[in-house]
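Novice:
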Amino acid sequence: MLIAPLCLTQRQETHRIEVELLVKGHSDLGEVTPEVKASDSQTSVAIADLEWREMEGDDCGFHYGDGANEAQDSDFPTVERSRLQEMLSLLGLETYQAQKLTLQDSLQISFDSMKNWAPQVPKDLPWHFLRKLQALNSEARNTTMVLDMPPDAWPAEKESQMEEEMIYWDPAEDMAADDIYSFSELPMPDTPVNPLDLLCALLLSSDTFLQQEVLLKMSLCQFALPLVLPDSENHYHTFLLWALRGVVRTCCFQPPRGLGSFREDSVVLSRVPTFAFVRMDVSSNSKSQLLNAILSPARRQWDCFWHRDLNLGTNSREIADGLVEISWFFPSGKEDLDVFPEPMAFLNLRGDIGSHWLQFKLLTEVSSAVFILTDNISKKEYKLLYPMKESTTKYYFILSPYRGKRNTNLRFLNRLIPVLKIDHSHVLVKVSSTDNESFVRRIRAIICSVARSPCRRLSVEDMAHAARKLGLRIDEDFEECQKAKERMEKIIRKIKDVDAYKRDELRLQGDPARKAAQVEREFCQLQWVSEPPEKHRAELRRRVLELRVQQNGQEPTSGVQEFILGISSPSLGERQYFLRWMEWGLARLGSPRPRQPPETLLTLRPKLGGASDLNEPFWPEPLGVEHFLREMGQFYEAESCLVEAGKLPAGQRRFAHFPGLAVELLLGGLPLELVDGATLSIPVRWVTGLLKELHVRLDRRSRLVVLSALGAPGTGKSTLLNTMFGLRFATGRSCSPRGSFMQLLPVAEGFSQDLGCDQILVIDSGGLISGALPSAGDRFELEASLATLLMGLSNVTVVSLAEMKDIPPAILHAFLRLEKTGHMPNYQFVYQNLHDLSVPSPKPRDRRQLLDPPSDLGRAATHMEKQGSSFRTLAGLAERQHVWHIPALWHGAPPMATVSLGYSEAIFELKRCLLENIRNGLSNQNQNIQQLIELVRRL
Numbered sequence: 001m002l003i004a005p006l007c008l009t010q011r012q013e014t015h016r017i018e019v020e021l022l023v024k025g026h027s028d029l030g031e032v033t034p035e036v037k038a039s040d041s042q043t044s045v046a047i048a049d050l051e052w053r054e055m056e057g058d059d060c061g062f063h064y065g066d067g068a069n070e071a072q073d074s075d076f077p078t079v080e081r082s083r084l085q086e087m088l089s090l091l092g093l094e095t096y097q098a099q100k101l102t103l104q105d106s107l108q109i110s111f112d113s114m115k116n117w118a119p120q121v122p123k124d125l126p127w128h129f130l131r132k133l134q135a136l137n138s139e140a141r142n143t144t145m146v147l148d149m150p151p152d153a154w155p156a157e158k159e160s161q162m163e164e165e166m167i168y169w170d171p172a173e174d175m176a177a178d179d180i181y182s183f184s185e186l187p188m189p190d191t192p193v194n195p196l197d198l199l200c201a202l203l204l205s206s207d208t209f210l211q212q213e214v215l216l217k218m219s220l221c222q223f224a225l226p227l228v229l230p231d232s233e234n235h236y237h238t239f240l241l242w243a244l245r246g247v248v249r250t251c252c253f254q255p256p257r258g259l260g261s262f263r264e265d266s267v268v269l270s271r272v273p274t275f276a277f278v279r280m281d282v283s284s285n286s287k288s289q290l291l292n293a294i295l296s297p298a299r300r301q302w303d304c305f306w307h308r309d310l311n312l313g314t315n316s317r318e319i320a321d322g323l324v325e326i327s328w329f330f331p332s333g334k335e336d337l338d339v340f341p342e343p344m345a346f347l348n349l350r351g352d353i354g355s356h357w358l359q360f361k362l363l364t365e366v367s368s369a370v371f372i373l374t375d376n377i378s379k380k381e382y383k384l385l386y387p388m389k390e391s392t393t394k395y396y397f398i399l400s401p402y403r404g405k406r407n408t409n410l411r412f413l414n415r416l417i418p419v420l421k422i423d424h425s426h427v428l429v430k431v432s433s434t435d436n437e438s439f440v441r442r443i444r445a446i447i448c449s450v451a452r453s454p455c456r457r458l459s460v461e462d463m464a465h466a467a468r469k470l471g472l473r474i475d476e477d478f479e480e481c482q483k484a485k486e487r488m489e490k491i492i493r494k495i496k497d498v499d500a501y502k503r504d505e506l507r508l509q510g511d512p513a514r515k516a517a518q519v520e521r522e523f524c525q526l527q528w529v530s531e532p533p534e535k536h537r538a539e540l541r542r543r544v545l546e547l548r549v550q551q552n553g554q555e556p557t558s559g560v561q562e563f564i565l566g567i568s569s570p571s572l573g574e575r576q577y578f579l580r581w582m583e584w585g586l587a588r589l590g591s592p593r594p595r596q597p598p599e600t601l602l603t604l605r606p607k608l609g610g611a612s613d614l615n616e617p618f619w620p621e622p623l624g625v626e627h628f629l630r631e632m633g634q635f636y637e638a639e640s641c642l643v644e645a646g647k648l649p650a651g652q653r654r655f656a657h658f659p660g661l662a663v664e665l666l667l668g669g670l671p672l673e674l675v676d677g678a679t680l681s682i683p684v685r686w687v688t689g690l691l692k693e694l695h696v697r698l699d700r701r702s703r704l705v706v707l708s709a710l711g712a713p714g715t716g717k718s719t720l721l722n723t724m725f726g727l728r729f730a731t732g733r734s735c736s737p738r739g740s741f742m743q744l745l746p747v748a749e750g751f752s753q754d755l756g757c758d759q760i761l762v763i764d765s766g767g768l769i770s771g772a773l774p775s776a777g778d779r780f781e782l783e784a785s786l787a788t789l790l791m792g793l794s795n796v797t798v799v800s801l802a803e804m805k806d807i808p809p810a811i812l813h814a815f816l817r818l819e820k821t822g823h824m825p826n827y828q829f830v831y832q833n834l835h836d837l838s839v840p841s842p843k844p845r846d847r848r849q850l851l852d853p854p855s856d857l858g859r860a861a862t863h864m865e866k867q868g869s870s871f872r873t874l875a876g877l878a879e880r881q882h883v884w885h886i887p888a889l890w891h892g893a894p895p896m897a898t899v900s901l902g903y904s905e906a907i908f909e910l911k912r913c914l915l916e917n918i919r920n921g922l923s924n925q926n927q928n929i930q931q932l933i934e935l936v937r938r939l
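The numbering of the sequence shown is UniProt numbering, which starts it at 1 and goes up by one.
1. Where in the stretch 459-486 do unbroken runs of the alpha helix (DSSP H), each at least 4 residues long, occur, reported from the N-terminal end onward?
2. Can you grab the Cα-Cα spacing for the pair Leu458 / Ser378, in whole Å?
3. Does chain B have any CB closer than 9 Å to the CB of Gln554?
4. Near His424, which residues of its chain fall below 6 Å by C-beta distance, leaving aside the five closest residues on each side in sequence?
5. Based on the DSSP secondary-structure assignment, which residues constitute the bridge partners of Ser757?
6. Sort Thr715, Pro230, Asn376 by Cα distance to Ser355 and report the nearest one.
7. Among Val193, Phe741, Gln134, which residue has its Cα nearest to the Cα of Asp124?
8. Helix or strand or just coil, what does DSSP make of Arg326?
9. Taking buried to mean at least 16 other C-beta atoms within 10 Å of its own C-beta, is Gly921 buried or exposed?
10. In whole angstroms, what is the alpha-carbon distance linking Asp375 and Ser283?
11. Please state whether DSSP places Ser288 in a helix, a strand or coil.
12. Per the contact definition of three or more C-beta pairs closer than 8 Å, is the stretch 394-410 in contact with the stretch 484-498?
13. Tell me the rounded alpha-carbon separation between Arg468 and Asp207.
14. Within a Cβ cutoff of 7 Å, which residues of the same chain sit near Leu210, ignoring the five residues on either side of it in sequence?
15. Starting from Thr208, trace the alpha helix (DSSP H) both ways and give me its first and last residue.
16. Going by Cα to Cα distance, which pick from Asp511, Leu667, Ser438, Met280 is closest to Gln550?
17. Nearest by alpha-carbon distance to Gly716: which of Ser702, Ile319, Arg514, Asp764 is it?
18. Secondary structure at residue 948, three-state DSSP: helix, strand or coil?
19. Would you decide whether Val799 is buried or exposed? Buried here means 16 or more other CB atoms lie within 10 Å of its CB.
20. Closest to Pro825 by CA distance: which of Glu479, Phe412, Ser740, Leu816 is it?
21. In angstroms, rounded to a whole number, what distance separates the CA positions of Ser270 and Arg919?
22. Throw me the rounded Cβ distance for the Leu901 and Ser138 pair, which I believe falls under 8 Å.
23. Sorted by chain position, which residues of the same chain lie with C-beta nearer than 7 Å to Lys132's C-beta, five sequence neighbours on each side aside?
24. Alpha carbon to alpha carbon, how far is Gln634 from Asp338?
25. Suppose you measure from the CA of Ile760 to the CA of Leu935; what does that come to, to the nearest Å?
26. Classify Gln509: buried if its beta carbon has 16 or more other beta carbons within 10 angstroms, exposed otherwise.
27. Tell whether a beta-carbon distance below 9 Å holds between Phe725 and Gln134.
28. Does the stretch 736-745 come within contact of the stretch 668-683, defined as at least 3 CB pairs closer than 8 Å?
29. With a Cβ-Cβ cutoff of 9 Å, do Tyr236 and Arg456 count as a contact?
30. Let me know if Phe563 comes out buried or exposed under the rule of 16 or more other beta-carbons within 10 Å of its beta-carbon.
31. Starting from Ile109, follow its DSSP beta bridges and name the residues at the other end.
32. Within 10 angstroms of the Cβ of His882, are there 16 or more other Cβ atoms? Answer buried if so, exposed if not.
33. The alpha helix (DSSP H) spanning Glu534 covers which residue range?
34. Run through DSSP, which three-state label would Trp306 get?
35. DSSP beta-bridge partners for Leu526?
36. With H, G and I counted as helix, E and B as strand and the rest as coil, what does DSSP make of Glu673?
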């Protein structure tokens, strides 16, 4: 479409002068104001558009190609409105414009959770994308659909896999066969949706917490992330600062490359050199393919940026033009893989800079260098770039000139050289005969040269300041989010030393809580004694009551009170924002955190072969949200103990509402601590109060299935649960919480009758099971008791194993104890290959060894249980259950590795098997929350 030159009125001429002043001040980010009023924001956007229109000369009519006009005023709104509305309607997302799609909506267990299906109509695509992304599937961006066909016309599935007693997953053996995602036999219709359009439409229809989850999962898949989300329908574009805050990456910063050289930090806070790639008018070269080649090491291709040759949806963009994507390179410390020596960020503007002038101006303000891809430079391109004469950014041109245009290109390039302060070394020519590898090496050399010289290094937060000044909307610049941030900062400002803060502000934890837990543990053990001495029982009661009286005499400190106010806000949104801010604020106290190289984490697990102190930590535990909730739990425990003993009238309770506050967080998706990681005990009154409150909140939908995952730290169980169900258990950190956490998964009402439950309570054993041997004495007995508790509460138990014969002794011991009670959950043994893909998976004949308990563990458990035949029972039990062999999580070397497709597909099969077992009644799930409360008390 050609747009005729616009005649400026006197008012527009005034705006033009203001724009020129604005452009001159852009390069100094120190002058960027932190906040812009809404009216100022709209004015800035309109000014930016007027500036571009004023630049159009008599012979510079502009062709918008297949992109969308960047008008954010009211000149050309109708075409964009229709495009956006038509896309939302096509994808079935128009109903989510007033009431946004939430994270909890995407986590619901439904009929579709058990099926692997290809989308048949465009309305299937958003949900298909979310499910694939939740499973970290590298094919999530595929928008290919299959024609709607009757079931009898579909290829037969491999039912034999589900009927096997033992499932073995070997991607190499399955390569020639149809895997679970193979639909090659089905007819494929034309794909009506570009993957970038799907992403933009979904993000525009999602609340900020779902946006954050989508970007986090995309980062784990090594997809480029949206930084500026276009939305011409509502006359603003959004800078996704909040949505990116959850992305944390690990990289090797400097030699030595060994222990301790890795650090973990938020991508929002890291200041790194940034390089932008944009297209001016027409370019024969693909920016995205070039960027992928630049980021990919030798002999490996990483498709961070989607491009037209991926064949995952090749239709032209309808609403995604103007999208700015960002991706990072992080070094691994391996010279053969690291294409750059330090972290760097790369930006990609979708569409032509002339149609998206505002985004281009932002990129020139935040980038260390801008690479402009175009086929030719004529008078129109010269006029377009002339306003950048005050810019301090370095510019490079990548040309693919038409034949016969040489003189024109040279004439206007020579005119641009003094304007952009460049020389002929800043102009690169790439034609069809150019060697791609040599060209990519040349681009990398330029990038390294710019990074070595004094250059602009900005964080995403710094970029947001520049975007705010230009008039873009920042996704966290609204009242609820900012109020929650201010409350978080009140708490964080008082934390100068973490250990001192725990001691002075979280007073009920530490020694008082450990002593009370030890006494109550001794009291519980008396239940298993046939005739316990009444005098000893009375003495234990007296001691625990004395400790609880001391705790109840304390008052919540100012920090705890501020935290309680934050989670008590009547606004659900403000509560959720406050929790996220708290998580990031507390993580920042130790940021950037030292981290061990991924391949060494397994060797760092504690090997507790001898006696040890029960209070000795497995690893230093950072301060987290769970510490504030533990403090609330201790106040509730102490008060409840006094009420039970008749020392405090029920009417004088001050903390009876605490379980209700915590349950609201659980229902909102926050994992709650079930077993205290500090005392290694379960606070029975607190957990009972939580479950009672949950029963009230869920009303008639309280039928439960409890699914637990047990295993030593570093065996991948938390990642497995998160990938399977989209949960938020802490993973991948050498200093993650030690306690056992639980999270609630709702079952869709239309599926609950078929599945036999309304909710699935998922429990992650965390760092409780360290692998202590029986010779460790009390430590081993404690771990065995905790394993018995978690497995005893469960209907389904996943035992995660890192190596063959690596079943922790405490878990074996728990099997024996539970056999006596007659409670035998459905077990799934999961062996995970935690090394790289070059390590071969065990062959079927080797799997049998997993079921044969090592002789030393057999003797130890036999000694403790006086029942040597139980191991034969355990081996027989394992024969009847599934044993899974999961491929390696990473395809390549972290931090730039992608999640392997084999891992994602195997986890999906495991999930389908678990849900199938629940539906078929193999998990003995006939219990509700009241029955779970009784189990907690009994165990």
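The C-beta atom is built at its ideal place from N, Cα and C for all residues, glycine as well.
Specialist: This is what the structure gives:
1. Entirely contained in the stretch 459-486, the alpha helix (DSSP H) runs reaching 4 residues are, in chain order, 460-470.
2. A direct Cα-Cα distance of roughly 33 Å separates Leu458 from Ser378.
3. Looking for chain B here will not work: only one protein chain is present.
4. Nothing listed; no residue qualifies.
5. Reading off the sequence, residue 757 comes out as Cys, not Ser. When DSSP reads this structure, Cys757 sits in no beta bridge, so it has no partner.
6. When only C-alpha atoms are compared, the closest one is Pro230.
7. When each option's Cα is compared against that of Asp124, the closest is Val193.
8. For the sequence presented, residue 326 should be read as Ile rather than Arg. Reduced to three states, the DSSP call for Ile326 is strand.
9. So Gly921 counts as exposed.
10. In a straight line, the C-alpha of Asp375 is about 5 Å away from that of Ser283.
11. Judged by DSSP in its simplified three-state form, Ser288 adopts helix.
12. Below 8 Å, too few C-beta pairs join the stretch 484-498 and the stretch 394-410 to call them touching: fewer than three.
13. Computed Cα separation, rounded: 21 Å.
14. Around Leu210: Leu101, Thr102, Leu103, Ser106.
15. Start and end: 208-220.
16. Comparing Cα positions, the closest option is Asp511.
17. Of Ser702, Ile319, Arg514, Asp764, the residue nearest in Cα terms is Asp764.
18. Shown here, the chain extends from 1 to 939; a query on residue 948 therefore has no answer.
19. Under this definition Val799 is a buried residue.
20. For Pro825, the nearest C-alpha among the options comes from Leu816.
21. The alpha-carbon atoms of Ser270 and Arg919 are separated by roughly 47 Å.
22. Between the beta-carbon of Leu901 and that of Ser138 there is about 5 Å, and that keeps the pair under the 8 Å contact cut.
23. Cβ neighbours of Lys132 beyond the five flanking positions: Glu139, Ala140.
24. Cα to Cα, Gln634 sits roughly 49 Å from Asp338.
25. Cα to Cα, the separation comes out at about 16 Å.
26. With 16 or more other Cβ atoms within 10 Å, it is buried.
27. The beta carbons of Phe725 and Gln134 sit closer together than 9 Å.
28. Yes, since at least three Cβ pairs between the stretch 736-745 and the stretch 668-683 fall closer than 8 Å, the two stretches touch.
29. No, the pair does not count as a contact, with Cβ atoms beyond the cut-off.
30. Burial call: buried.
31. Ile109 pairs with Val747.
32. The residue is buried, with at least 16 neighbouring Cβ atoms inside 10 Å.
33. Residues 534-552.
34. Coil.
35. The beta-bridge partner set that DSSP reports for Leu526 is empty.
36. Glu673 falls in the strand class under three-state DSSP.
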